[in-house]
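In the working numbering, the protein residues as written are 2 to 267.
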């Protein structure tokens, strides 16, 4: 009689451990089944690979367009600020520069004041409605959008350089172009590198709106798998982790470049 209760307690404890173990096994089995369904079945992991490559292509082309466009606009605006802001136009060249500065200001105002998704849809459904190269249209749209921000970043870097350096270089016989290329641009680049790196990171993540016009990039791949498996966890988490990895890699190389440029000053 005295040994009945311990035996019952032991049996109850063993039963609960079996139930708990069964629950854990079921959880991991369901997790693996879901993983297999989202990545292994029909080789669906290739959707992520193809989407990643499309994202990188769009980002690279858009970054090149943005930097080129931003540099040209920044050159116009900084030249106007240094030469004509405080005096009247005296020549035909000054009038042209003033008109170009007005156009650049209008471009920056419009691009920065409207959503990038709307710009993408206008570019795809209105301006290039007959184009079949979706990636190029998206890269052009994102590049034009990025160019407005890059222009302000570069202009702020140029204007942060002491004006005495302009005057000193001109006294040494450098013209405006040589001064900008050999003296101002290297110093400005060091100052704007962190902000420029952040803009590239934003551009990379901004490409996630490309599926709105049917472009099959990384986010599209996640949504495609989710529509086939009716499961959202693994597809969305996978897309988020891939973007995170890309951002971390880009941030790592930017920090190394900043460190190298900082060391070159000593």
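Every residue gets a Cβ at the ideal spot worked out from N, C-alpha and C, and that includes glycine. None of these values were measured; they are calculated from a predicted model.
Cα-Cα separation between residue i and residue j, rounded to whole angstroms
{"i": "residue 116", "j": "residue 175", "result": "42 Å"}
{"i": "residue 255", "j": "residue 210", "result": "25 Å"}
{"i": "residue 237", "j": "residue 184", "result": "47 Å"}
{"i": "residue 187", "j": "residue 158", "result": "10 Å"}
{"i": "residue 239", "j": "residue 56", "result": "15 Å"}
{"i": "residue 107", "j": "residue 150", "result": "13 Å"}
{"i": "residue 137", "j": "residue 263", "result": "36 Å"}
{"i": "residue 241", "j": "residue 212", "result": "15 Å"}
{"i": "residue 64", "j": "residue 105", "result": "19 Å"}
{"i": "residue 101", "j": "residue 32", "result": "59 Å"}
{"i": "residue 232", "j": "residue 30", "result": "16 Å"}
{"i": "residue 75", "j": "residue 34", "result": "54 Å"}
{"i": "residue 260", "j": "residue 68", "result": "22 Å"}
{"i": "residue 103", "j": "residue 230", "result": "52 Å"}
{"i": "residue 178", "j": "residue 171", "result": "11 Å"}
{"i": "residue 112", "j": "residue 173", "result": "40 Å"}
{"i": "residue 133", "j": "residue 44", "result": "27 Å"}
{"i": "residue 99", "j": "residue 114", "result": "22 Å"}
{"i": "residue 93", "j": "residue 217", "result": "49 Å"}
Residue i, buried or exposed, once every other Cβ within 10 Å from all chains shown has been counted against 16
{"i": "residue 142", "result": "buried"}
{"i": "residue 40", "result": "buried"}
{"i": "residue 28", "result": "exposed"}
{"i": "residue 78", "result": "buried"}
{"i": "residue 42", "result": "exposed"}
{"i": "residue 161", "result": "exposed"}
{"i": "residue 204", "result": "buried"}
{"i": "residue 71", "result": "buried"}
{"i": "residue 96", "result": "exposed"}
{"i": "residue 8", "result": "Note on residue 8: pLDDT 47, under 50, position unreliable in the model; no value is reported."}
{"i": "residue 125", "result": "buried"}
{"i": "residue 25", "result": "exposed"}
{"i": "residue 169", "result": "exposed"}
{"i": "residue 139", "result": "buried"}
{"i": "residue 128", "result": "exposed"}
{"i": "residue 152", "result": "buried"}
Among the options, nearest to residue i - alpha-carbon criterion
{"i": "residue 165", "options": "83, 69, 103", "result": "83"}
{"i": "residue 130", "options": "58, 215, 80, 173", "result": "215"}
{"i": "residue 246", "options": "53, 30, 23", "result": "53"}
{"i": "residue 199", "options": "250, 232, 58", "result": "250"}
{"i": "residue 181", "options": "73, 25, 60, 58", "result": "73"}
{"i": "residue 59", "options": "201, 260, 231", "result": "201"}
{"i": "residue 234", "options": "25, 37, 23, 26", "result": "37"}
{"i": "residue 156", "options": "80, 101, 94", "result": "80"}
{"i": "residue 258", "options": "217, 244, 197, 230", "result": "197"}
{"i": "residue 208", "options": "252, 135, 169, 232", "result": "135"}
{"i": "residue 243", "options": "127, 139, 206", "result": "206"}
Per-residue DSSP class, three states only, for residue i
{"i": "residue 132", "result": "coil"}
{"i": "residue 243", "result": "helix"}
{"i": "residue 45", "result": "coil"}
{"i": "residue 175", "result": "coil"}
{"i": "residue 31", "result": "helix"}
{"i": "residue 231", "result": "coil"}
{"i": "residue 180", "result": "helix"}
{"i": "residue 3", "result": "Bear in mind that a pLDDT of 48 at residue 3, under 50, signals an unreliable position, so the number given afterwards is only what the model happens to contain. Three-state result, residue 3: coil."}
{"i": "residue 117", "result": "helix"}
{"i": "residue 158", "result": "helix"}
{"i": "residue 123", "result": "helix"}
{"i": "residue 250", "result": "helix"}
{"i": "residue 144", "result": "helix"}
{"i": "residue 217", "result": "coil"}
{"i": "residue 26", "result": "helix"}
{"i": "residue 163", "result": "coil"}
{"i": "residue 92", "result": "coil"}
>> Can you confirm whether the segment 216–232 touches the segment 40–56 when touching is taken to mean that 3 or more C-beta pairs between the two stretches lie within less than 8 Å?
In response: Because the criterion of three Cβ pairs below 8 Å is met, the segment 40–56 and the segment 216–232 touch.
> Can at least three beta-carbon pairs, one atom from the segment 182–197 and one from the segment 213–222, be found at a separation below 8 Å?
Replying inline: The segment 213–222 and the segment 182–197 do not touch, with fewer than three beta-carbon pairs separated by less than 8 Å.
>> Below 8 Å, how does it come out for the segment 107–126 and the segment 140–155: are there three or more Cβ pairs, yes or no?
In response: Taking a cut-off of 8 Å for Cβ pairs, the segment 107–126 and the segment 140–155 touch, as three or more such pairs fall below it.
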